[in-house]
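Each residue of the sequence shown is one higher than the last, beginning at 1 in UniProt numbering.
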Amino acid sequence: MTERNGTVQTTIGPSRTRVAVAAWLAFAAFYAMQSYAFRLTMGQSIVWSSFLWGEALFVGLLALQTPFTLGLASRFPLTGSRAIRNRWLHVGFAICFGMVHRFTFEVVARAIRASEETPFDLTRAWQSTVATFESGVFVYFIVLVAAHLHDYYRRYHEETVRATQLRADLSSAQLETLRMQVQPHFLFNTLNAVSVLVEEDPAAARGMISNLSEFLRSSLIDGADQEIPLSRELRLLERYLDIEQVRFGDRLTVQFDVDEDVRDVPVPALILQPIAENAIRHGLSRRPGAGRIEVAATRTGGAVELAIRDLGKPPEPTEPTVGTTGATPPQAAPSGPGLGIGLANTRARLEQLYGSDQKLTMTSIERDGLIGSEVRIWMKAREE
1 MTERNGTVQT
11 TIGPSRTRVA
21 VAAWLAFAAF
31 YAMQSYAFRL
41 TMGQSIVWSS
51 FLWGEALFVG
61 LLALQTPFTL
71 GLASRFPLTG
81 SRAIRNRWLH
91 VGFAICFGMV
101 HRFTFEVVAR
111 AIRASEETPF
121 DLTRAWQSTV
131 ATFESGVFVY
141 FIVLVAAHLH
151 DYYRRYHEET
161 VRATQLRADL
171 SSAQLETLRM
181 QVQPHFLFNT
191 LNAVSVLVEE
201 DPAAARGMIS
211 NLSEFLRSSL
221 IDGADQEIPL
231 SRELRLLERY
241 LDIEQVRFGD
251 RLTVQFDVDE
261 DVRDVPVPAL
271 ILQPIAENAI
281 RHGLSRRPGA
291 GRIEVAATRT
301 GGAVELAIRD
311 LGKPPEPTEP
321 TVGTTGATPP
331 QAAPSGPGLG
341 IGLANTRARL
351 EQLYGSDQKL
361 TMTSIERDGL
371 IGSEVRIWMK
381 AREE
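Shown next, in the form of structure tokens:
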């Protein structure tokens with residue numbers, strides 16, 4: 001069943017034919033049992049040969065109307081701009097089908113049973129038709145409604161598949177955009193640092209180039225997938241932080257606290273590096289003295305929680321201005337969801353990949369005299 005120009009287009013393929021045959025066989029069995037129980041209740045004697053061919057004839061004539069009902073369902077859909085008109089038309093069609101079915105059954109059955117004692121009587125066949133044609137009407141509406149329900153399900157399935165594909169395409173585009181945005185900026189800073197180290201510390205420059213090569217190779221390989229194991233994502237982050245440690249020297253220390261049972265859980269590729277870069281650009285590089293980047297990963301039940309924190313010394317208190325008392329309290333470096341390309345892109349990617357099964361928060365923190373910010377990602381764990 002397909003939809004074109006607002007109408008329901010119904011086609012019968014091999015699989016649908018098998019379903020229709022199975023449905024009619026089930027209906028025939030149900031109808032025969034019901035008819036058998038009714039005759040027993042009424043105390044009527046049953047001649048099995050006559051009973052079985054009579055039931056088969058009755059249900060078979062109903063089944064023959066299925067293609068015509070599907071054709072009318074296609075031509076006159078129950079929804080759309082002409083829904084009211086079409087529904088009244090189907091009422092008329094149902095009555096016609098019910099009458100034709102019952103009259104055909106009465107004529108054929110009476111012709112087969114005709115004898116000298118019970119001659120064929122067309123008038124009695126018509127009278128019986130007028131009195132008992134409702135079963136054909138009922139079956140017509142069952143087939144009609146089933147056809148439309150099947151069409152609604154098909155369209156819903158197609159829209160779901162289309163929406164899933166669009167989300168995947170959007171997420172891929174966002175990942176590619178992220179790679180194009182991050183790498184030029186990161187390369188510029190790294191190559192600038194290498195140019196300085198070549199003169200001052202050639203060994204450190206060679207190490208930095210090696211780390212840069214490994215980082216780019218890993219980002220190209222891992223970045224081709226939407227999701228990778230957390231262990232691979234952490235290796236990529238370590239390569240990036242190794243480069244930054246060469247740039248900042250003793251000013252930057254890094255700590256990892258990762259639970260073993262979370263290392264194989266799939267996470268979005270390149271989810272941590274942009275956050276770490278954001279933390280360094282807007283945290284460590286703007287604060288005096290040394291700083292620390294902490295990376296944590298835990299698993300609680302069916303959820304994975306990732307956290308990146310940047311901590312550093314607060315700025316020195318400034319002299320009080322005239323007319324005020326006391327010193328200006330220390331302020332943390334500005335932080336918020338709008339800083340850098342990392343967080344905005346990360347939020348969008350998490351939404352596309354996990355829907356409502358994820359959350360990203362960014363908060364200011366203070367610990368042991370140090371200030372900074374923490375980005376925390378919560379998402380439902382997916383097993384490989």
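Where is the CB? At the ideal position from N, CA and C, for every residue including glycine.
Just so we're clear, the structure is a prediction, and the values are computed from it rather than from any experiment.
How big is the Cα-Cα spacing for A259 and L70?
Counted from its first residue, the sequence shown places residue 259 at position 259. Counted from its first residue, the sequence shown places residue 70 at position 70. Reading the sequence as shown, one finds Asp at residue 259 and not Ala. If I take the Cα positions, the gap works out to 59 angstroms.
On a Cα-Cα basis, can you pick out the residue from R309, T66, G283, S356 that is closest to F138?
For the purposes of this step, residue 138 is taken as residue 138 along the sequence shown, with counting starting at 1. Closest option to F138, Cα to Cα, is T66.
Based on the DSSP output, what are the partners of F141 in its beta bridges?
Residue numbering aside, residue 141 sits at position 141 when the sequence shown is read from its first letter. Paired residues: none, contrary to the question.
Got a sec, what are the start and stop residues for the beta strand (DSSP E) L370 sits in?
In the sequence shown, residue 370 corresponds to position 370, counting from 1. Where L370 is concerned, the enclosing beta strand (DSSP E) stretches over 370 to 380.
For P202, name the three-state secondary structure that DSSP assigns.
Within the sequence shown, numbered from 1, the residue matching residue 202 stands at position 202. Helix, per DSSP.
Using CA atoms only, rank isn't needed, just tell me which of P288, V107, G136, L64 is closest to W126.
For the purposes of this step, residue 126 is identified with residue 126 of the sequence shown, where counting begins at 1. Nearest option by C-alpha distance: V107.
If we count the other Cβ atoms within 10 Å of its Cβ and call it buried at 16 or more, is I377 buried or exposed?
The residue you call residue 377 lines up with position 377 of the sequence shown. The residue is buried, with at least 16 neighbouring Cβ atoms inside 10 Å.
For A303, which three-state DSSP category applies?
Looking up residue 303 in the sequence shown gives position 303. Three-state result, A303: strand.
Report all residues from its chain with a CB closer than 6 angstroms to the CB of R110; omit the five preceding and five following residues, and keep chain order.
Locating residue 110 in the sequence shown gives position 110, counting from the first residue. Within the same chain, R110 has close Cβ partners F120, A125.
Check whether the segment 233 to 248 touches the segment 364 to 373, counting contact only when three or more Cβ pairs, one atom from each stretch, lie closer than 8 angstroms.
The segment 233 to 248, when compared against the segment 364 to 373, does not touch it at the 8 angstroms Cβ threshold.
Could you tell me the boundaries of the beta strand (DSSP E) in which R286 lies?
Position 286 of the sequence shown, counted from the first residue, corresponds to residue 286. Where R286 is concerned, there is no enclosing beta strand (DSSP E), given that its DSSP letter is neither H nor E.
Just grab the DSSP bridge partners of K359 for me.
Start at 1 with the first residue of the sequence shown, and residue 359 comes out as number 359. Paired residue(s): W378.
Quick one, are the C-beta atoms of R299 and V262 less than 7 angstroms apart?
Within the sequence shown, residue 299 is the residue found at index 299, counting from 1. Within the sequence shown, residue 262 is the residue found at index 262, counting from 1. Yes.
Using the three-state DSSP reduction, which class does S364 fall into: helix, strand or coil?
What you label residue 364 is simply residue 364 of the sequence shown in a count that begins at 1. Correct three-state label for S364: strand.
Thinking C-alpha only, which one of L230, G136, E238 is nearest E214?
Numbered from 1 along the sequence shown, position 214 holds the residue referred to as residue 214. Selected option, being the one with the closest Cα: E238.
State the CB to CB distance for the pair F93 and L72, rounded to an integer number of angstroms; the pair is presumed to be in contact (CB under 8 angstroms).
What you label residue 93 is simply residue 93 of the sequence shown in a count that begins at 1. What you label residue 72 is simply residue 72 of the sequence shown in a count that begins at 1. Indeed they touch by this definition, with Cβ atoms about 6 angstroms apart.
What residue range does the alpha helix (DSSP H) around I228 cover?
For the purposes of this step, residue 228 is taken as residue 228 along the sequence shown, with counting starting at 1. Counting along the chain, I228 falls outside any alpha helix (DSSP H), though it belongs to the beta strand (DSSP E) covering 227 to 229.
Distance check for V375 and E305, CA to CA, integer angstroms please.
The residue you call residue 305 lines up with position 305 of the sequence shown. The residue you call residue 375 lines up with position 375 of the sequence shown. Their backbone Cα atoms lie some 11 angstroms apart in a straight line.
Could you tell me which of E199, R286, L216 sits nearest to Q273, measuring between CA atoms?
The residue you call residue 273 lines up with position 273 of the sequence shown. The shortest Cα separation from Q273 among E199, R286, L216 belongs to L216.
According to DSSP, is residue 386 part of a helix, a strand, or is it coil?
One cannot answer for residue 386 here, as it falls past the ends of the chain, which runs 1 to 384.
CB-CB under 6 angstroms to H148, same chain, minus the five flanking residues each way: which ones, in chain order?
Taking the sequence shown and counting its residues from 1, the one referred to as residue 148 is at position 148. The residues are L78.
Would you give the residue range spanned by the alpha helix (DSSP H) that T79 belongs to?
Taking the first residue of the sequence shown as 1, we reach residue 79 at position 79. First-last for T79: undefined, no H or E at that position.
Based on the DSSP output, what are the partners of E297 in its beta bridges?
The sequence position of residue 297 within the sequence shown is 297, counting from 1. One point to set straight first is that residue 297 is Ala, not Glu, in the sequence displayed. In DSSP, A297 forms a bridge with V258, L306.
DSSP state of T66, grouped into three classes?
As a position in the sequence shown, residue 66 is number 66, starting the count at 1. In the structure shown, T66 sits in a helix (DSSP, three-state: H, G or I).
Which residue comes first and which comes last in the beta strand (DSSP E) that contains V265?
Working through the sequence shown from its first residue, we reach residue 265 at position 265. Unbroken run through V265: none, as it is neither H nor E.
Just verifying my parser: in three-state terms, what is the DSSP assignment at L252?
By one-based count along the sequence shown, residue 252 stands at place 252. It is a strand residue.
For M311 and L212, what's the separation of their Cα atoms in angstroms?
Position 311 of the sequence shown holds residue 311. Position 212 of the sequence shown holds residue 212. At residue 311 the sequence reads Leu, which differs from the Met that was named. Spanning the two alpha carbons is a distance of roughly 25 angstroms.
Quick one: using the 10 Å Cβ neighbour count with 16 as the cut-off for buried, is residue 404 buried or exposed?
Residue 404 is absent from the model: the chain starts at 1 and stops at 384.
What distance in whole Å lies between the Cβ atoms of G136 and R102, which are believed to be in contact at a cut-off of 8 angstroms?
Taking the first residue of the sequence shown as position 1, residue 102 is located at position 102. Taking the first residue of the sequence shown as position 1, residue 136 is located at position 136. R102 to G136, Cβ: 6 angstroms. Contact.
Our contact map puts F133 next to G98 with C-beta atoms below 8 angstroms; I'd like the distance itself, whole angstroms only.
Here residue 133 is taken as the residue at index 133 of the sequence shown, counted from 1. Here residue 98 is taken as the residue at index 98 of the sequence shown, counted from 1. Right, the Cβ-Cβ distance comes to about 4 angstroms (below 8 angstroms), so this counts as a contact.
Please report the Cβ distance between P266 and I228, rounded to the nearest whole angstrom; I am assuming they are in contact, meaning their Cβ atoms lie under 8 angstroms.
Your numbering for residue 266 matches position 266 in the sequence shown. Your numbering for residue 228 matches position 228 in the sequence shown. That pair is a contact at about 7 angstroms.
DSSP beta-bridge partners for R292?
The residue given as residue 292 occupies position 292 in the sequence shown. Paired residue(s): T253, L311.
Shorter than 6 angstroms, the distance from the beta carbon of S356 to the closest heavy atom of the ligand FMN, or not?
Of ligands this structure carries none, so the ligand FMN is not represented either.
Could you check where the alpha helix (DSSP H) with I271 kicks off and where it finishes?
For the purposes of this step, residue 271 is taken as the residue at position 271 of the sequence shown. Taken as a continuous stretch (DSSP letters only), I271 belongs to no alpha helix (DSSP H), as it is neither H nor E.
Under a three-way DSSP split, which group does E316 fall into?
The residue labelled residue 316 in the question sits at position 316 within the sequence shown. Looking at E316 - three-state DSSP - the assignment turns out to be coil, as it is neither helix nor strand.
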